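With our numbering applied, the sequence shown closes on residue 315, and no number is skipped along the way.
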Amino acid sequence: MEKNVLKEKSYAFALRIVKAYKYLCYEQKEYVLSKQLLRSGTAIGALICEAQYGESSPDFVHKFAIALKEANETRYWLELLKDSAFIDENVFDSVNEECVELIKLLTSSIKTCKRNITNSG
């Protein structure tokens with residue numbers, strides 16, 4: 195079976211987000227921003243998995259585009275949590291770096307798939 199780097203990285207990222215959510219709720223007593231982070235941060239991987247069974251190439255691209263939007267939203271919540279002192283700079287840097295990597299991988303995958311759709315049509 196072929197290794198799916200994007201799926202693996204998004205799953206590992208989702209696990210980090212779940213752990214961050216637990217920390218924010220139990221240690222920081224922060225429930226609103228952390229819930230948003232949990233929703234958007236775990237949606238990335240779910241959408242990537244959903245795209246694997248897309249009905250068509252455009253559907254695949256569409257699911258990846260939504261995953262990209264969720265990744266961008268996740269960066270927003272991470273920045274807000276950092277700037278409001280719920281997470282420190284080191285935690286932010288580490289998680290944000292993974293999020294940026296997912297954004298780059300998704301962007302590249304979308305461009306490649308769009309190019310393949312154009313070339314096959």
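All residues carry an ideal CB built from backbone N, CA and C; glycine is no exception.
Bear in mind the structure is a predicted one, so any value in this text is a computation, not a measurement.
Rounded straight-line distance, which links the Cα of residue j to that of residue i
| i | j | result |
| --- | --- | --- |
| E273 | K305 | 27 Å |
| S250 | R269 | 29 Å |
| L275 | V255 | 30 Å |
| K308 | E264 | 20 Å |
| Y220 | N313 | 51 Å |
| F207 | N284 | 16 Å |
| T236 | K257 | 14 Å |
| F286 | L209 | 15 Å |
| E291 | K197 | 22 Å |
Beta-carbon contacts of residue i that lie in its chain and below 7 Å, excluding the five residues immediately before and after
| i | result |
| --- | --- |
| E218 | The sequence shown places Leu at residue 218, rather than the Glu named in the question. So the qualifying residues of the chain are E224, S228 and F280. |
| D277 | none |
| Q230 | W271 |
| G248 | F254 and K257 |
Top-ranked residue by Cα proximity to residue i, from the options
| i | options | result |
| --- | --- | --- |
| I242 | N310, E283 and L299 | L299 |
| I297 | N198, K197 and K203 | K203 |
| G239 | N284, V212 and E283 | V212 |
| D282 | A214, L232 and N198 | A214 |
| I260 | F286, R210, T301 and V294 | T301 |
| L232 | K197, N290, Q222 and K216 | K216 |
Residues near residue i by beta carbon distance below 8 Å, same chain, minus five either side
| i | result |
| --- | --- |
| P186 | Residue 186 lies beyond the range of the chain shown here (195 to 315); nothing can be said about it. |
Residue j beta carbon less than 8 Å from that of residue i
| i | j | result |
| --- | --- | --- |
| S303 | L200 | yes |
Contact set for residue i: own chain, Cβ-Cβ below 6 Å, skip 5 residues either direction
| i | result |
| --- | --- |
| E267 | S234 |
| A245 | F254, K257 and F258 |
| L262 | L300 |
| Y205 | G239 |
| E295 | none |
Cβ-heavy atom distance, residue i to the ligand MN, below 7 Å
| i | result |
| --- | --- |
| V289 | Because no ligand of any kind appears in the structure shown, any question about the ligand MN cannot be addressed here. |
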